[in-house]
Amino acid sequence: MSKLLIDVGSTYVKVCQKSGISQYFRDFKKDIYDDLITKCGDIFSQYKKEDIFICSSANGGLSTLIIGLTNSFSLKFAKNIAFNSGINIIDTILYSKIEESKSPGELVDVVIIVGGIDGIGNVFDEKLLRYLEKVQYSNIVYVGTAQDASFLKEHLPNLTVLSNIITHKLHVNGNELKEYLTNLYQADIVGKEDIKHLYEITANQIYSTPYIVNRSLPFIDANFDVVNPFIVVDIGGATTDIHYSRDLVRDNIVSESGYDRLVFKKLGVFKSRETLIYAAKNNEFVYELLAYLNVTENILEEESEKALRILMQLSIFLVLYKVSRLNPLYVTLQLELLKTIVLTGGITKVLNYEEVEVIISFFYKKVMNVHALPNIVMDYDYAIWTLGMENTQKEEK
Numbered sequence: 003m004s005k006l007l008i009d010v011g012s013t014y015v016k017v018c019q020k021s022g023i024s025q026y027f028r029d030f031k032k033d034i035y036d037d038l039i040t041k042c043g044d045i046f047s048q049y050k051k052e053d054i055f056i057c058s059s060a061n062g063g064l065s066t067l068i069i070g071l072t073n074s075f076s077l078k079f080a081k082n083i084a085f086n087s088g089i090n091i092i093d094t095i096l097y098s099k100i101e102e103s104k105s106p107g108e109l110v111d112v113v114i115i116v117g118g119i120d121g122i123g124n125v126f127d128e129k130l131l132r133y134l135e136k137v138q139y140s141n142i143v144y145v146g147t148a149q150d151a152s153f154l155k156e157h158l159p160n161l162t163v164l165s166n167i168i169t170h171k172l173h174v175n176g177n178e179l180k181e182y183l184t185n186l187y188q189a190d191i192v193g194k195e196d197i198k199h200l201y202e203i204t205a206n207q208i209y210s211t212p213y214i215v216n217r218s219l220p221f222i223d224a225n226f227d228v229v230n231p232f233i234v235v236d237i238g239g240a241t242t243d244i245h246y247s248r249d250l251v252r253d254n255i256v257s258e259s260g261y262d263r264l265v266f267k268k269l270g271v272f273k274s275r276e277t278l279i280y281a282a283k284n285n286e287f288v289y290e291l292l293a294y295l296n297v298t299e300n301i302l303e304e305e306s307e308k309a310l311r312i313l314m315q316l317s318i319f320l321v322l323y324k325v326s327r328l329n330p331l332y333v334t335l336q337l338e339l340l341k342t343i344v345l346t347g348g349i350t351k352v353l354n355y356e357e358v359e360v361i362i363s364f365f366y367k368k369v370m371n372v373h374a375l376p377n378i379v380m381d382y383d384y385a386i387w388t389l390g391m392e393n394t395q396k397e398e399k
């Protein structure tokens, strides 16, 4: 390999060259650039900037609020596109109930307004404008009926108007919105001061790691014993990402891609540790799971290696729960059809195969009431992302 591939995570930095993959624990007292130069400066000096490629998940993702007309079409379509663009949904609002809906208490990275098919007008009115006055947001995008675009643009000067995501056949036309959201995610990464400095190392675009990992999925069987349908669970310090085969989804959403992804901003084990613990304490199965693991809830308040291992195990359980039929808020996967679960990311440096297997077994037998378990594959070298980086380079040539 004449290229150098680098993945900057929230806790680990992975460097891939011909001799293999090396991993370095981040020094949080240092700027990412300074930390990289200290640890890997001698490696970088061996490559031209044009031959160094970087992806990063250190920003932790973006948040969105979606306002739509119906749960079955507009909100469903927009949620799917947002999740698969690496965006975290903090709330969805049904337009008929907007006057009684509370505005988010936090700054929203992007508001998505969606609903209606082209040819129908006067769908949105002053109720929307009054609600948005109470919302703090950085970006706002409209992907609904074309007939209401001029009205909204007149009153929302910062509004970005894209093509309606709902076709006249009630299929999803989400390429423009997906590109817009992906670019926002990308801009957020490169806009971070720490990440900006990395352009002193590379002459190439810096990508988001969830995007790169998803690009790896069509080629994953070249390195791993994977049987379709499968999921890849990437658990790190800031986020937990799940990448899945589209044939695990049963809905009326038409997609060109065979694979999609979800990014859970609040299920990391370092930067978002407190929100992971909060999610665990509010899950109906977790206390039984802790007893199954022979620990008490007090472990969640500890700062120890054992506590970290338990948090890692809980993150596996919670992400499976969130995409199961028990939790319709997210995309629901037919996990009973799953043949393979691939674990990657920082989790593979903490947990062994048996510690993962016990969680998968508990989830399937207790939650899913299914006794046939999917095959478990551990990406101990965190090599999956390199497949996506290599393929992205080939396509750009």
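In my numbering, each residue carries its 1-based index in the sequence shown increased by 2.
No residue lacks a Cβ here, since even glycine has one placed at the ideal position from N, Cα and C.
Because the structure is a prediction, the values reported are computed rather than measured.
- Using a C-beta cut-off of 8 Å, the region 64-77 makes no contact with the region 20-39, since fewer than three inter-stretch Cβ pairs fall below that distance.
- Pairing Ile92 with Ser65, the inter-Cα distance amounts to about 6 Å.
- Taking Leu389 as the centre and dropping the five residues before and after it, the same chain places the C-beta of Ser218, Phe221 closer than 6 Å to its C-beta, in chain order.
- If the five residues before and after Lys367 are omitted, its C-beta is found closer than 8 Å to the C-beta atoms of His373, all from its own chain and listed in chain order.
- Collapsing the DSSP output to three states places Asp249 in a helix.
- In the structure shown, Tyr139 falls within a strand segment according to DSSP collapsed to helix, strand and coil.
- The beta-bridge partner set that DSSP reports for Lys16 consists of Asp9, Gln25.
- Taking a cut-off of 8 Å on C-beta distances, the region 299-306 does not touch the region 335-345, as fewer than three cross pairs fall below it.
- Judged by their CB atoms, Tyr49 and Leu6 are nearer to each other than the 8 Å cut-off.
- Residue pairing by DSSP leaves Ile301 without any beta bridge partner.
- Across the structure, Thr147 and Glu181 are spaced so that their CA atoms are roughly 19 Å apart.
- Counting along the chain, Tyr280 sits inside the alpha helix (DSSP H) bounded by residues 275-283.
- Taking C-beta separations shorter than 7 Å and ignoring five residues to either side along the sequence, the partners of Gly347 in its chain run Asp236, Ile237, Gly238, Tyr384, following chain order.
- Straight across, the Cα-Cα distance linking Ala293 with Leu183 is about 41 Å.
- About 6 Å separates the beta carbons of Leu67 and Pro106, which is inside the 8 Å limit, making them a contact pair.
- For Gly43, the uninterrupted alpha helix (DSSP H) segment begins and ends at 34-46.
- With contacts defined by Cβ atoms closer than 8 Å, Ile119 and His173 do not form a contacting pair.
- Minimum Cα-Cα distance from Thr204 among the listed residues Tyr323, Ser326, Tyr35 corresponds to Tyr35.
- The alpha-carbon of Val229 is positioned some 6 Å away from that of Thr342.
- Closest option to Pro231, judged by alpha-carbon separation, among Val251, Tyr144, Phe365: Val251.
- Secondary structure note for Phe266: its beta strand (DSSP E) is the uninterrupted segment 261-266.
- For Ile168, there is no enclosing beta strand (DSSP E), as DSSP marks it with neither H nor E.
- Among the bridge pairs identified by DSSP, Leu320 is matched with none.
- Between Leu340 and Ile312, the CB-CB gap reaches or exceeds 8 Å.
- Partner residues in the beta bridge of Asn377, as assigned by DSSP, are Thr342.
- Per DSSP, the continuous alpha helix (DSSP H) segment holding Ile83 begins and ends at 76-85.
- Proximity to Ile318 across Ile244, Ile301, Asn371, Asn284 peaks at Ile244, based on C-alpha coordinates.
- The C-beta distance from Ile114 to Val137 rounds to 12 Å, too long to fall under 8 Å, and the pair is not in contact.
- CA-to-CA, the gap between Leu353 and Thr13 works out to about 16 Å.
- Between the beta-carbon of Ser58 and that of Ile197 there is about 6 Å, and that keeps the pair under the 8 Å contact cut.
- Here Asp262 is buried: its Cβ has 16 or more other Cβ atoms, across all protein chains shown, within 10 Å.
- DSSP, read as helix, strand or coil, puts Asn393 in helix.
- When the five nearest sequence neighbours on each side are left out, the beta carbons in the same chain lying within less than 6 Å of the beta carbon of Ser326 are those of Leu337, in order along the chain.
- Under the 10 Å beta carbon count, Arg275 is surrounded by 16 or more other beta carbons and is classified as buried.
- Under the DSSP definition of a beta bridge, Leu96 partners with Gly70.
- Following the DSSP letters along the chain, one finds Phe364 in no beta strand (DSSP E) but inside the alpha helix (DSSP H) bounded by residues 355-364.
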